[in-house]
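Colleague: Quick one: the structure is below, questions incoming.
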């Protein structure tokens, strides 16, 4: 996991910044919509006043007809902002064989740390932390999806209320945000899935590596024990040596698959940096 750590640490500040910038730009868009709405109310009031006549003593009252059904959010995205779930993936239980396991148990009894736990952590990494990060990305994707739903509802309300340049401009601005959020959400979902996959493969790799190591040691120990027997011993040693080599190759294959996944994750993080930038966000409306 250390292979992707530096890229991940670079990605997180970019994510925080783009989310902050999104909030700032949307606040500006909100202000622009409020100003536009007030302009419409002022125009309605002036038109109503002109129809009543300049000498009329009838008070002018502009009332919302409710056709747009308001601009309230249809969901609360903040409901997804909960502590991430670290999952139920457990660290593999490493065994060094009966004899060495007894030595490890004795060390633990004497108050020392268990070498098997250290080896498992070294091979697999911090699995709970990885699955927790994956769930955090998944919750962020759900958050963004809810934001898109609220924006879509707001745009529907605008299109039912206003026509003309203001409505067209609002629709174009919404579409820009919708496209941007689609890309951000896609990256978040991929990151969550890749981190989950990496955690699962790390557990399998650690388990396979330790099991294979113990088996190879057992095979070679048995082979060398019988190596002194003429002819049979040499043949037995060669056969067990070949079995040990095939086991080693199998672990290398699993390791290569894991490294391929890590490279894919690394490439995703690198490409996401450009997407998680203030410059890539839709420009907020200019309030004059």
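Numbering (our numbering), first residue to last: 1052 to 1339. The beta-carbon is built from N, C-alpha and C at its ideal position, and this holds for glycine as well.
#1: Sorted by chain position, which residues of the same chain lie with C-beta nearer than 6 Å to residue 1091's C-beta, five sequence neighbours on each side aside?
#2: Rounded to the nearest angstrom, what separates residue 1020 and residue 1178 at their Cα positions?
#3: For residue 1221, which residues in the same chain have their Cβ closer than 6 Å to its Cβ, ignoring the five residues on either side in sequence?
#4: Keeping to the same chain, check which residues put their C-beta closer than 6 Å to that of residue 1186; ignore five residues upstream and five downstream.
#5: If residue 1298 and residue 1266 are in contact, beta carbons under 8 Å, what's the gap, nearest whole angstrom?
#6: At which residues does the alpha helix (DSSP H) containing residue 1189 begin and terminate?
#7: Does DSSP put residue 1233 in a helix, a strand or coil?
#8: In its own chain, which residues sit with a C-beta less than 6 Å from the C-beta of residue 1245, not counting the 5 before and 5 after it?
#9: Put residue 1327 into one of helix, strand or coil per three-state DSSP.
#10: For a test of the three-state rule: what should DSSP assign to residue 1336, helix, strand or coil?
#11: Please identify the residue among 1333, 1224, 1066 whose C-alpha is closest to the C-alpha of residue 1357.
#12: Determine the burial state of residue 1328: buried for a count of at least 16 other Cβ atoms within 10 Å of its Cβ, exposed for fewer.
#13: Check residue 1161 in the structure and name its three-state DSSP category.
#14: Indicate whether residue 1206 and residue 1225 have their beta-carbon atoms separated by less than 9 Å.
#15: Looking at residue 1301 and residue 1263, is the spacing between their C-beta atoms short of 9 Å?
#16: Could you tell me whether the Cβ atoms of residue 1062 and residue 1235 are closer together than 9 Å?
#17: Among the residues of its own chain, which have a CB less than 8 Å from the CB of residue 1072, if the five just before and after it don't count?
#18: Measuring CB to CB, does residue 1058 end up less than 9 Å from residue 1321?
#19: Give the C-beta separation of residue 1202 and residue 1228 to the nearest angstrom, bearing in mind that I take them to be a contact with Cβ-Cβ under 8 Å.
#20: According to DSSP, is residue 1166 helix, strand or coil?
#21: Within a Cβ cutoff of 8 Å, which residues of the same chain sit near residue 1312, ignoring the five residues on either side of it in sequence?
#22: In this structure, does DSSP put residue 1133 in helix, strand or coil?
#23: Do residue 1334 and residue 1076 have their C-beta atoms within less than 9 Å of each other?
#24: Do you know offhand how far residue 1094's Cα is from residue 1078's?
#25: For a quick check, are the C-beta atoms of residue 1232 and residue 1199 less than 9 Å apart?
#26: Using beta-carbon positions only, say whether residue 1260 and residue 1305 come within less than 9 Å of one another.
Modeller: Walking through what the data contain:
#1: Numbered from its first residue, the chain shown carries residue 1091 at position 40. None.
#2: The question about residue 1020 has no answer here: the residues shown for the chain are numbered 1052 through 1339.
#3: Within the chain shown, residue 1221 is the residue found at index 170, counting from 1. Result list for residue 1221: 1209, in chain order.
#4: The count along the chain shown starts at 1 and reaches residue 1186 at position 135. Result list for residue 1186: 1135, 1136, in chain order.
#5: As a first step, residue 1298 is located in the chain shown; it is residue number 247 there, counting from the start. As a first step, residue 1266 is located in the chain shown; it is residue number 215 there, counting from the start. Right, the Cβ-Cβ distance comes to about 6 Å (below 8 Å), so this counts as a contact.
#6: Here the question's residue 1189 lines up with position 138 in the chain shown. Residue 1189 -> alpha helix (DSSP H) spans 1178–1212.
#7: To locate residue 1233, count along the chain shown from 1; it is residue 182. Three-state DSSP puts residue 1233 in a helix.
#8: Here the question's residue 1245 lines up with position 194 in the chain shown. If we look at residue 1245 and ignore the five residues flanking it on each side, its Cβ neighbours are 1316.
#9: Along the chain shown, one-based indexing puts residue 1327 at 276. Coil at residue 1327, not helix or strand.
#10: Looking up residue 1336 in the chain shown gives position 285. The answer is coil: DSSP assigns residue 1336 none of H, G, I, E or B.
#11: Not covered by the structure: residue 1357. The range shown for the chain is 1052 to 1339.
#12: Within the chain shown, residue 1328 is the residue found at index 277, counting from 1. So residue 1328 ends up on the exposed side.
#13: As a position in the chain shown, residue 1161 is number 110, starting the count at 1. Looking at residue 1161 - three-state DSSP - the assignment turns out to be coil, as it is neither helix nor strand.
#14: In the chain shown, counting from the first residue as 1, residue 1206 sits at position 155. In the chain shown, counting from the first residue as 1, residue 1225 sits at position 174. It is a contact, given that the beta carbons lie within the stated cut-off.
#15: Counting from 1 along the chain shown, the entry for residue 1263 is found at position 212. Counting from 1 along the chain shown, the entry for residue 1301 is found at position 250. Yes, Cβ-Cβ distance for residue 1263 and residue 1301 is below 9 Å.
#16: As a working mapping, residue 1062 is identified with position 11 in the chain shown. As a working mapping, residue 1235 is identified with position 184 in the chain shown. Not a contact, by the Cβ cut-off of 9 Å.
#17: Within the chain shown, residue 1072 is the residue found at index 21, counting from 1. Hits under 8 Å: 1329, 1332.
#18: For the purposes of this step, residue 1058 is identified with residue 7 of the chain shown, where counting begins at 1. For the purposes of this step, residue 1321 is identified with residue 270 of the chain shown, where counting begins at 1. Result yes, Cβ atoms of residue 1058 and residue 1321 sit closer than 9 Å.
#19: Locating residue 1202 in the chain shown gives position 151, where the first residue counts as 1. Locating residue 1228 in the chain shown gives position 177, where the first residue counts as 1. Correct: roughly 6 Å between the Cβ atoms.
#20: Reading the chain shown from its first residue, position 115 is the one you call residue 1166. Looking at residue 1166 - three-state DSSP - the assignment turns out to be helix.
#21: Here residue 1312 is taken as the residue at index 261 of the chain shown, counted from 1. Excluding residues within five positions, the ones whose Cβ falls inside 8 Å are 1245, 1248, 1249, 1252.
#22: To locate residue 1133, count along the chain shown from 1; it is residue 82. In this structure, residue 1133 counts as coil in the three-state DSSP scheme.
#23: On the chain shown, position 283 is the one that residue 1334 refers to. On the chain shown, position 25 is the one that residue 1076 refers to. Result yes, Cβ atoms of residue 1334 and residue 1076 sit closer than 9 Å.
#24: Reading the chain shown from its first residue, position 43 is the one you call residue 1094. Reading the chain shown from its first residue, position 27 is the one you call residue 1078. Going from the Cα of residue 1094 to the Cα of residue 1078 covers about 24 Å.
#25: On the chain shown, position 181 is the one that residue 1232 refers to. On the chain shown, position 148 is the one that residue 1199 refers to. Contact flag set, yes.
#26: Here residue 1260 corresponds to residue number 209 of the chain shown, with the count starting at 1. Here residue 1305 corresponds to residue number 254 of the chain shown, with the count starting at 1. Yes. Within cutoff.
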